[in-house]
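Here's the structure, in structure tokens; my notes come after.
Protein chains: 2
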Amino acid sequence: MTIQPSDSIRPVRFEDGALRLLDQRRLPSEETEQVFTDAPAVADAIREMVVRGAPAIGITAAFGMVLACRNARGQTDWRARIEADAGHLRDARPTAVNLFWALERMQRVIAGCATPEAAESACQEAAQAMLEADIAGNRQMGALGAELIEPGQGVLTHCNTGSLATGGYGTALGVIRAGWDAGRVRAVYADETRPWLQGSRLTAWELVRDGIPVQLLCEGAAASLMREGRVGWVIVGADRIAANGDTANKIGTYGLALLARAHGVRFMVAAPVATIDFATADGSGIPIEQRPEREVLELAGQMVAAPGARAYNPAFDVTPAELIDAIVTERGVVRTPDRTRLAALVGR
Amino acid sequence: MTIQPSDSIRPVRFEDGALRLLDQRRLPSEETEQVFTDAPAVADAIREMVVRGAPAIGITAAFGMVLACRNARGQTDWRARIEADAGHLRDARPTAVNLFWALERMQRVIAGCATPEAAESACQEAAQAMLEADIAGNRQMGALGAELIEPGQGVLTHCNTGSLATGGYGTALGVIRAGWDAGRVRAVYADETRPWLQGSRLTAWELVRDGIPVQLLCEGAAASLMREGRVGWVIVGADRIAANGDTANKIGTYGLALLARAHGVRFMVAAPVATIDFATADGSGIPIEQRPEREVLELAGQMVAAPGARAYNPAFDVTPAELIDAIVTERGVVRTPDRTRLAALVGR
């Protein structure tokens, strides 16, 4: 696969029978890979956010199933063992639908195989294809999304939706990369994205590395940025999109969508079709992961809040479809999304 | 002065001819006082946020003028020397109008004195009176504001507007203290308030210390909190209120006001009358302090963003009067504030 100048990062690699994940908790100060040879450890890595971002989680889980097949070799109950590993992976994060989608795809591949050796080989091929299709889809999404941006506009993004959150290139950040390369994006602003600081640590690192200037801001400054007219589009990713277009994404997204609407700024969600969960009618059916309170109370591992203080720390929120101007997928753009338009996108 | 159980903190003290400031940058891990004997060092302390919060800055500057008078003793050009010190103090922070108000008050006191010794003594009396009037005003504000809260409601506050931001008791946090003591406030939520984390470090410390339970949240989670119906009022302080009610306050306030309006949550500003700047017609005339980029790029003194990333870091934003349901002052409550109603409050 070709890597372009503005796209030099690959967070998930499978080599020599092992899964290698760039440890995103240590970026940008350290670039270290963790190596995995069994699925429960991969599940822990997903839960502990060594890897994060809905598409990257899906791809990681798919490679986790390759390890599950390998470790089931020579066992009479190999199907049950693989199934147990799939359960570990499924339980790692509750909101990202790509995780379940990837696991179901691998389970269908395994169902068609007669031996664990055959399942391992077929899963590896399928997972690698999933990774490459993700990157190709992101490029397509980037091209489609960039066309919506009128030349000369500033864009604001939230969390990290870049190469690190996907197989490579990114979803929302892929649109921004494409928009920058096409000369349409004039300025990139990124929320620092508390409590994990994915914006400061990951998005800024990717953009600086790929030569795209970026200005970080605290979430509280987004309304001022919009009021000053510096932003034409807010562009975000998605962890799950309900059948009606309601979109679960990193905590803070829903507030941004409200602020965008109040300022006449447009709001774009960029996500692969696998993120759309047609089995969930609307956002009220999406489970929202509550993360540990210490993520808010601590800073860089040090308690910052007074002992005795509590915290409210949902990891995601749901943006109602009516606040979204466009959902951009690898198969096309859905403007003012609703149930009918989203179903039409996939020919349902 | 009596200190009540829910009001045990005094950040600014003048004792033995020196100004003592609780170093708020070190809270909550360390409770240390810094001692000041000259006005330029006090100006530096204000700029570097040893002390912060509009009313506390005003009181600190008033005591800074006592030091200016003392250090001008025996000088033939004593008035010019005091005036130079006043200039240092005035330049410390551009947005908080209480700073200018306190300095002008001290300058009028000094103008009426024949010697630096007389000026020092008169200033010390005036500054101490200002401190005590601030606390008394905050209690009055607390009582008036608490009456607006229907019993059983949750409240959300931003930044620190408590004892630490004032002479004592607090403005918005004074309303919350009074509402808690009166059994009207059911739950207190506090934004962590990036980049300085005044919510986590200061507001949580004050509330825990005074026995009021608090839940912290990242700014990005405020919209979800409101959508879940957990909040009846957002209650904030002010650094400057223009004649029409437009209110400059800590960055993030304006966004909260928009989110509150979108969710039917009411929005209260609690601030002393000295915060109202009748010379500024509306919010467009309020200068907004831009703080150093490193405040966003670093965390606890460590660079967290990738080298090469920039930051957008305004310290304040302006909330238009039409988003404010009530401005609560020590002289009374102004509902749906505008120029006429604010002028009537002070009999203009």
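Taken in order, these protein sequences are the chains called A and B. Using our numbering, the letters of the first sequence correspond one by one to residues 1 to 348. Using our numbering, the letters of the second sequence correspond one by one to residues 349 to 696. Glycine included, every Cβ here is placed at the ideal spot set by N, Cα and C. This one's a predicted model, so the numbers in the text were calculated from it and none came from an experiment.
Cutoff 8 Å: residue i Cβ touching any chain B Cβ
i: T2/A; result: Its pLDDT being 49, under 50, T2/A is placed unreliably in this model, and the value from its coordinates should be taken loosely. Closer than 8 Å: no.
i: V304/A; result: yes
i: M251/A; result: Per the sequence shown, residue 251/A should be read as Ile rather than Met. Closer than 8 Å: yes.
i: V205/A; result: According to the sequence provided, residue 205/A is Trp. The question's Val does not apply to it. It does; some Cβ of chain B falls within 8 Å.
i: R139/A; result: no
i: P28/A; result: yes
i: R201/A; result: yes
i: G332/A; result: no
Amino acids of chain B, ordered along the chain, whose beta-carbon sits closer than 8 Å to that of residue i
i: Y189/A; result: Y660
i: G151/A; result: Inspection of the sequence shows that residue 151/A is occupied by Pro rather than by Gly. The premise fails here: P151/A is roughly 22 Å from chain B at the closest Cβ pair, so nothing lies under 8 Å.
i: R194/A; result: E540, R542, C566, E567 and G568
i: V208/A; result: A654, P655, G656 and A657
From the options, residue whose alpha carbon lies closest to that of residue i
i: A692/B; options: P640/B, E480/B, F626/B and P635/B; result: F626/B
i: C159/A; options: R266/A, P116/A, S29/A and Q198/A; result: Q198/A
i: E7/A; options: D239/A, G232/A, T319/A and A178/A; result: At residue 7/A the sequence reads Asp, which differs from the Glu that was named. If we check each option's Cα against that of D7/A, A178/A comes out closest.
i: Q457/B; options: P561/B, V414/B and G522/B; result: In the sequence as presented, Gln is not what sits at residue 457/B; that position holds Val. It is V414/B.
i: A119/A; options: Q107/A, T253/A, V346/A and T319/A; result: Q107/A
i: P386/A; options: E33/A, L173/A, S121/A and G17/A; result: Past the edges of chain A, shown from 1 to 348, lies residue 386/A, and the structure says nothing about it.
i: R658/B; options: I675/B, P640/B and I672/B; result: P640/B
i: N597/B; options: P635/B, E576/B and I560/B; result: P635/B
i: G252/A; options: A222/A, T275/A and V273/A; result: A222/A
i: R549/B; options: G522/B, T519/B and A513/B; result: A513/B
i: N661/B; options: L645/B, L671/B and D673/B; result: L645/B
i: I624/B; options: R368/B, E678/B and L604/B; result: E678/B
i: A475/B; options: R689/B, L367/B, Y602/B and V621/B; result: L367/B
i: R348/A; options: P320/A, G168/A, V273/A and T336/A; result: V273/A
i: F267/A; options: R294/A, G167/A and A238/A; result: A238/A
i: Q472/B; options: Q488/B, A416/B and G422/B; result: A416/B
i: S121/A; options: M141/A, V50/A, R73/A and P94/A; result: R73/A
i: G603/B; options: T628/B, R588/B, L671/B and G559/B; result: L671/B
i: G401/B; options: L447/B, F384/B, Q423/B and D425/B; result: L447/B
i: M489/B; options: I560/B, A648/B and I583/B; result: I583/B
Sequence-distant residues of its chain with Cβ nearer than 7 Å to residue i (five each side left out)
i: M574/B; result: L607, A608, H611 and V613
i: M1/A; result: Only weak support is given to the placement of M1/A: the predicted model assigns it a pLDDT of 44, under 50, and the value that follows is read from those uncertain coordinates. E132 and I135, listed in sequence order.
i: A143/A; result: A178
i: R186/A; result: G152, Q153 and G154
Partner residues on chain B for residue i, Cβ-Cβ distance less than 7 Å
i: L197/A; result: V652
i: A262/A; result: L606
Under 7 Å by beta carbon: chain A residues contacting residue i
i: P640/B; result: Chain A residues near P640/B: none, gap ~13 Å exceeds 7 Å.
i: A571/B; result: Y254, G255, L258 and D317
i: S632/B; result: In chain order: nothing, as chain A lies at least about 11 Å away.
Other residues of its chain near residue i: CB distance less than 6 Å, five sequence neighbours each side excluded
i: A440/B; result: A391, I394 and R395
i: A102/A; result: G58, A61 and A62
i: D630/B; result: A590, N592 and D594
i: N419/B; result: D386
i: L521/B; result: T509 and G510
i: L555/B; result: V562
Neighbour flag for residue i against chain D, beta carbons, 8 Å
i: Y517/B; result: No chain D appears in the structure shown, which is made up of the protein chains A and B.
Listed by chain order, chain A residues near residue i by CB distance under 8 Å
i: V562/B; result: A309 and R310
Chain A contact for residue i (CB, 8 Å cutoff)
i: V644/B; result: yes
Proximal residues of chain B, C-beta to C-beta of residue i below 9 Å
i: A300/A; result: L647, A648, Q650 and V652
Same chain only: Cβ atoms within 8 Å of residue i, ignoring 5 sequence neighbours per side
i: P388/B; result: D433 and H436
i: E363/B; result: none
i: P376/B; result: R549, L550, A552 and W553
**Report entry** Validate contact between the stretch 388 to 398 of chain B and the stretch 408 to 423 of chain B using beta carbons, cut 8 Å, 3 pairs
**Finding:** yes
Requested in this report: Indicate whether the contact test is met: 3 or more Cβ pairs, each with one atom in the stretch 649 to 658 of chain B and one in the stretch 453 to 465 of chain B, closer than 8 Å.
Outcome: no
Query raised in the report: Taking contact to mean at least 3 C-beta pairs separated by less than 8 Å, is the stretch 215 to 225 of chain A in contact with the stretch 183 to 200 of chain A?
Result: yes
Requested in this report: Could you say if the stretch 496 to 506 of chain B and the stretch 517 to 537 of chain B meet the contact criterion of at least three C-beta pairs nearer than 8 Å?
Outcome: yes
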